[in-house]
Amino acid sequence: MIAVVLIGSLIMVDHARRGAETRFRQVHRLAHAVIFDYQDAIAGLPGSTPVRARLVQDALGYLEKLSAEANTPDLEREIVEGYTRISKVQGDSYGSNLGDTAGSLASIHRAIAASQHLLGADQTPASLKAAADAFSVQASLFFSSGKLEAAAADYRTALDLRNRAAKPSPGDIENALALADIDTHLGDLDGATGLQNLGRSRQAAVMYGQADAILTSLQQRFPANLEVTRQRFEVLLQRSEAIASLVVRFRHLHPFRQRQRQMSETITTTRYYIVSSGFFDFDIRKHRFAESGTRMSKSIHQVSHNLHKSCVSRLWLR
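Under the working numbering, the first residue of the sequence shown carries the number 47, and numbering increases by one thereafter.
1) Below 7 Å CB to CB, which residues in the same chain sit around S291 once its five sequence neighbours on both sides are set aside?
2) In this structure, how does DSSP classify Q72 when only helix, strand and coil are distinguished?
3) Please classify G137 as buried or exposed, where buried requires at least 16 neighbouring CB atoms within 10 angstroms.
4) Are the beta-carbon atoms belonging to A9 and F181 less than 7 Å from one another?
5) Within 10 angstroms of its Cβ, does R100 collect 16 or more other Cβ (buried), or is it exposed?
6) Could you check the C-alpha separation between R276 and G233 for me, to the nearest Å?
7) Could you compute how far the alpha carbon of A148 sits from the alpha carbon of A172?
8) Please classify A250 as buried or exposed, where buried requires at least 16 neighbouring CB atoms within 10 angstroms.
9) With DSSP run on the structure shown, which of helix, strand or coil describes F188?
10) On the CB-based measure, 16 or more other CB atoms within 10 Å of its CB, does L264 come out buried or exposed?
11) Are there 16 or more other CB atoms within 10 angstroms of the CB of D227, so buried, or fewer, so exposed?
12) Give the C-beta separation of Y129 and S153 to the nearest angstrom, bearing in mind that I take them to be a contact with Cβ-Cβ under 8 Å.
13) Decide if K175 is buried, meaning its Cβ has at least 16 other Cβ atoms within 10 Å, or exposed.
14) Leaving out five residues before and five after L261 in sequence, what residues of the same chain have Cβ atoms less than 7 Å from its Cβ?
15) Leaving out the 5 sequence neighbours to the left and right, which residues in its chain are closer than 6 Å to E122 when beta-carbon positions are compared?
16) Assuming contact is defined by CB atoms lying nearer than 7 Å, are Q184 and D206 in contact in what I supplied?
17) Report the residue from K213, S190, T230, F189 whose alpha carbon sits nearest the alpha carbon of A259.
18) Expressed to the nearest angstrom, what Euclidean distance is found between the alpha-carbon atoms of S94 and L106?
19) Report the three-state DSSP secondary structure of D200 (helix, strand or coil).
20) Specify the secondary structure class of S133 as computed by DSSP and reduced to three states.
21) Have a look at Q284, L241, S190, G245 and flag the residue whose alpha-carbon is nearest the alpha-carbon of Q256.
22) So P96 is in the alpha helix (DSSP H); what residue range does that whole segment cover?
23) Please go through the same chain and pick out, in chain order, the residues whose beta-carbon is closer than 7 Å to the beta-carbon of V135, but skip the five residues on each side of it.
24) Please state whether DSSP places T315 in a helix, a strand or coil.
25) With a threshold of 8 Å on Cβ separation, who are the neighbours of S139 within its own chain once the five nearest residues in sequence on each side are excluded?
26) Suppose contacts are defined by Cβ-Cβ distances below 7 Å. Is I125 in contact with S113 by that definition?
27) Can you grab the Cα-Cα spacing for the pair N221 / A157, in whole Å?
28) At 4 residues or longer, what runs of the alpha helix (DSSP H) sit wholly inside the region 219-277?
29) Between E195 and N243, what straight-line distance do the alpha-carbon atoms span, to the nearest angstrom?
30) What three-state label does DSSP hand L91 in the structure shown?
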């Protein structure tokens, strides 16, 4: 009789455990959708800001509870990714956000703290990339608030983490694109035209060149990948601007500066109409414009190369 009662109790406990696990998975899926899917779905809707703010608060509550219960690398990584995503929604200057800079910084600080705990136990590429994203977002927040040296340090940390993630899987195109993106942000930080920067135009050109090298390799391996073509096109424009700004002194200063100014204005106007206006995206949707985008990228690359040779042979560079 006692044995029957014990067996029955064990069955009930196991049933309750399974039920709890099922409910956890259901809540987990819903929370994941709130954090990663719903925000993007409603971001462009008129009057959606109060709803997005409420979703952020609900997501933060979930992440706080999950942080107290997480006991596996997968859950800890989700905490990092969740806080990083929420931080971007709250105040990422590179996308649609709620304008809550203080909240964004608080969330990304939690993401970085969680990433450091995660990396203490797990060094898989997935964990390294999650930590890299957290440092990249914090760097962007520092950049937009004028803390340029702090931003540079975080971007370099993100770059190191992404490079470590690339070693076991060098063919990971998503990671390669992220590496090029970080190099581009470092170039912006060093000397982007029209942005507060560290005044290092030559280093900016170097960082844009590194991004271009990654994207050129990807373009050769994945010629049909339109995101690679678009990103390389943008990097070449930025690199051309950086090289043009390297002019410091020249014997016949006035005509060269006039030529440089015309070059910069042409590049800026081209970027505005083709990248910012979405024309290039329209081209991508039509597919046939991939070739025209590639040809334009090659043309800008040649202009950049020629201007660089002119600078090296006729100017003192910073």
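Cβ atoms here follow ideal geometry from the backbone N, Cα and C, with glycine treated the same way.
Taking the definition as stated:
1) Taken in chain order, the residues that qualify are G237, T239, S247.
2) Legend: pLDDT at Q72 = 47, less than 50; position of this residue unreliable, no value from coordinates given.
3) The residue is buried, with at least 16 neighbouring Cβ atoms inside 10 Å.
4) No answer is possible for residue 9: the residues shown for the chain start at 47 and end at 364.
5) By the 10 Å Cβ count, R100 comes out exposed.
6) Taken atom to atom, the span from the alpha-carbon of R276 to that of G233 is near 18 Å.
7) Whole-angstrom Cα-Cα distance: 28 Å.
8) The residue in question, A250, is buried, as its Cβ has 16 or more Cβ neighbours within 10 Å.
9) Of the three classes helix, strand and coil, the one that applies to F188 here is helix, per DSSP.
10) Classification of L264: buried, given that the 10 Å Cβ count is 16 or more.
11) D227 is buried by the Cβ-count criterion.
12) Taking the Cβ atoms as the reference, Y129 lies roughly 5 Å from S153, within the contact range of under 8 Å.
13) Counting Cβ neighbours within 10 Å, K175 comes out buried, since at least 16 surround it.
14) Result list for L261: A226, V274, Q277, R278, V281, in chain order.
15) A116, L164.
16) Contact flag unset, no.
17) The shortest C-alpha separation from A259 is found at T230.
18) Each residue's Cα considered, the two are about 18 Å apart.
19) Helix.
20) In the structure shown, S133 adopts helical secondary structure according to DSSP, grouped into three states.
21) Minimum Cα distance to Q256 is reached at Q284.
22) For P96, the uninterrupted alpha helix (DSSP H) segment begins and ends at 95-115.
23) Shown here for V135: same chain residues with a beta carbon closer than 7 Å to its own, the five before and five after excluded, namely Q85, R98, V102, N143, L144 in chain order.
24) Because T315 sits at a pLDDT of 49, beneath the cut-off of 50, its placement in the model cannot be relied upon, and the following sentence gives the value as read from the coordinates. Helix, per DSSP.
25) Hits under 8 Å: S186, L187, F189, S190.
26) A contact, by the Cβ cut-off of 7 Å.
27) N221 and A157 have their C-alpha atoms some 19 Å from each other.
28) Listed in chain order, the complete alpha helix (DSSP H) runs (minimum 4 residues) inside the region 219-277 are 219-237, 247-267.
29) Linking E195 to N243 through their CA atoms gives a straight-line distance of about 10 Å.
30) In the structure shown, L91 falls within a coil segment according to DSSP collapsed to helix, strand and coil.
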